[in-house]
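Numbered according to the working numbering, the sequence shown spans residues 146 to 395. Quick reminder that beta carbons are idealized off the backbone N, C-alpha and C, glycines included.
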Amino acid sequence: GQDINLAGTLTKATGAGTATYLFQANRNIINNAAAGISATLGSTNVTFQSDYDGNGNGAINSAGVINTNGGNITMGGGSGVITAGSGYAYGNATYTSGVYISGALTATGGNIVVNGTSILTAATGIYGVLTTSLISTTGTGTISIKGVGQGTGNATNNFGLYLQGGVTTVNGNISVTGIGGGAGTGSDNYGMVFSGSGGYVKTTGTGNIIVNGTGGIGSGGNNIGVLLNYTNSIQTTGTGIITVTGTGGV
């Protein structure tokens, strides 16, 4: 179908195995705040796959809480298999961010993958992936988030990845990547921004953190690869290694 709108809660409450919840839409997938997905017995693998017809028009807006109890969470788009950094949800006139996550994602040992590309527009303040809630897993579970910004005209403040919430693991790695958008005389098209309101990545065990940010384009300048606005934006409290690579745009 064109859109999938999850309006009520889905709960796996029977059976000790793992269920698969696969949502595929040619356009948008909306997980409303009053909805959400959870597992109280066994686990669930949850996949949101927008833009299934592959025409570059299909976003994910996830406001409901998702708790898989050990299953994987995958958010992206296109007609192929979604993996870390491959298969993107695309923003459009309705939802400008490729992926917007405002409800907590909890995998409890499962892996999390999020890929999003913003709408192609001259507007200001557009993001490939925007998060405002906690994204977390435990054990050896890993998290990969990649956001890509776009821009036409004199686009400004078009970020690849805008973290306003936390991202945490224990012994699994965290990889976050942002590629800024922008165009023309635009400026401040950051690859990745850790918001001062609470954007951070953190591992508490052996998990490593890999941060890659590439600034966008725009002759107005200040197209920074990685911008840190929050105390302890990138931290390991165990033995993990932190690697940060920031490349300024043009």
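1) Does the distance from the CB of Gly-370 to the CB of Thr-359 come in under 7 Å?
2) What does a CB cutoff of less than 6 Å around Leu-155 pick up in its chain, not counting 5 residues either side in sequence?
3) Can you tell me which of Ala-252, Asn-299 and Leu-308 puts its alpha carbon nearest to the alpha carbon of Gly-284?
4) How about Ile-271 and Thr-241: do their beta carbons lie closer than 7 Å?
5) Check each candidate in Asn-190, Asn-206, Thr-276 and Gly-261 and name the one with the smallest Cα separation from Gly-294.
6) Looking only at DSSP bridge pairs, what is Gln-169 linked to?
7) What's the call for Ser-340, buried or exposed, on a 16-neighbour Cβ count within 10 Å?
8) The beta strand (DSSP E) that contains Val-396, what's its start and end?
9) Kindly confirm or deny that the stretch 176-196 and the stretch 210-220 touch, where touching means at least three C-beta pairs closer than 8 Å.
10) By Cβ distance, which residues of its chain are closer than 6 Å to Ile-175, with the 5 residues on each side in sequence left out?
11) CA-CA distance, Gly-201 and Gly-223?
12) Alpha carbon to alpha carbon, what distance is there between Ser-364 and Asn-190?
13) So Ile-362 packs on Gly-327, CB below 8 Å; how close in whole Å?
14) If you measure between the beta carbons of Gly-286 and Asn-256, is that distance less than 7 Å?
The relevant details are as follows:
1) Position 225 of the sequence shown, counted from the first residue, corresponds to residue 370. Position 214 of the sequence shown, counted from the first residue, corresponds to residue 359. Their beta carbons are under 7 Å apart, which means Gly-370 touches Thr-359 by this criterion.
2) For the purposes of this step, residue 155 is identified with residue 10 of the sequence shown, where counting begins at 1. Closer than 6 Å at the Cβ level, and outside the excluded window around Leu-155, lie Ile-182.
3) Within the sequence shown, numbered from 1, the residue matching residue 284 stands at position 139. For the residues Ala-252, Asn-299 and Leu-308, the minimum Cα distance to Gly-284 belongs to Ala-252.
4) Locating residue 271 in the sequence shown gives position 126, where the first residue counts as 1. Locating residue 241 in the sequence shown gives position 96, where the first residue counts as 1. Yes. Within cutoff.
5) Here residue 294 refers to the residue found at position 149 when the sequence shown is read from its first residue. Of the candidates Asn-190, Asn-206, Thr-276 and Gly-261, the one whose C-alpha sits nearest the C-alpha of Gly-294 is Gly-261.
6) For the purposes of this step, residue 169 is taken as residue 24 along the sequence shown, with counting starting at 1. Gln-169 is bridged to Gln-194.
7) Position 195 of the sequence shown, counted from the start, is the residue given in the question as residue 340. With 16 or more other Cβ atoms within 10 Å, it is buried.
8) Because the chain here runs from 146 to 395, residue 396 falls outside it and cannot be looked at.
9) yes
10) Within the sequence shown, numbered from 1, the residue matching residue 175 stands at position 30. Counting only Cβ-Cβ distances below 6 Å, and skipping sequence neighbours, we find Asn-150 and Asn-206.
11) As a working note, residue 201 is residue 56 in the sequence shown. As a working note, residue 223 is residue 78 in the sequence shown. Whole-angstrom Cα-Cα distance: 8 Å.
12) To locate residue 190, count along the sequence shown from 1; it is residue 45. To locate residue 364, count along the sequence shown from 1; it is residue 219. Looking at the two C-alpha atoms, the distance is approximately 44 Å.
13) Translated into positions along the sequence shown, residue 362 becomes position 217. Translated into positions along the sequence shown, residue 327 becomes position 182. Between Gly-327 and Ile-362 the Cβ distance is about 5 Å, and since that is below 8 Å, they are a contact.
14) Locating residue 286 in the sequence shown gives position 141, counting from the first residue. Locating residue 256 in the sequence shown gives position 111, counting from the first residue. Yes, the pair counts as a contact, with Cβ atoms nearer than the cut-off.
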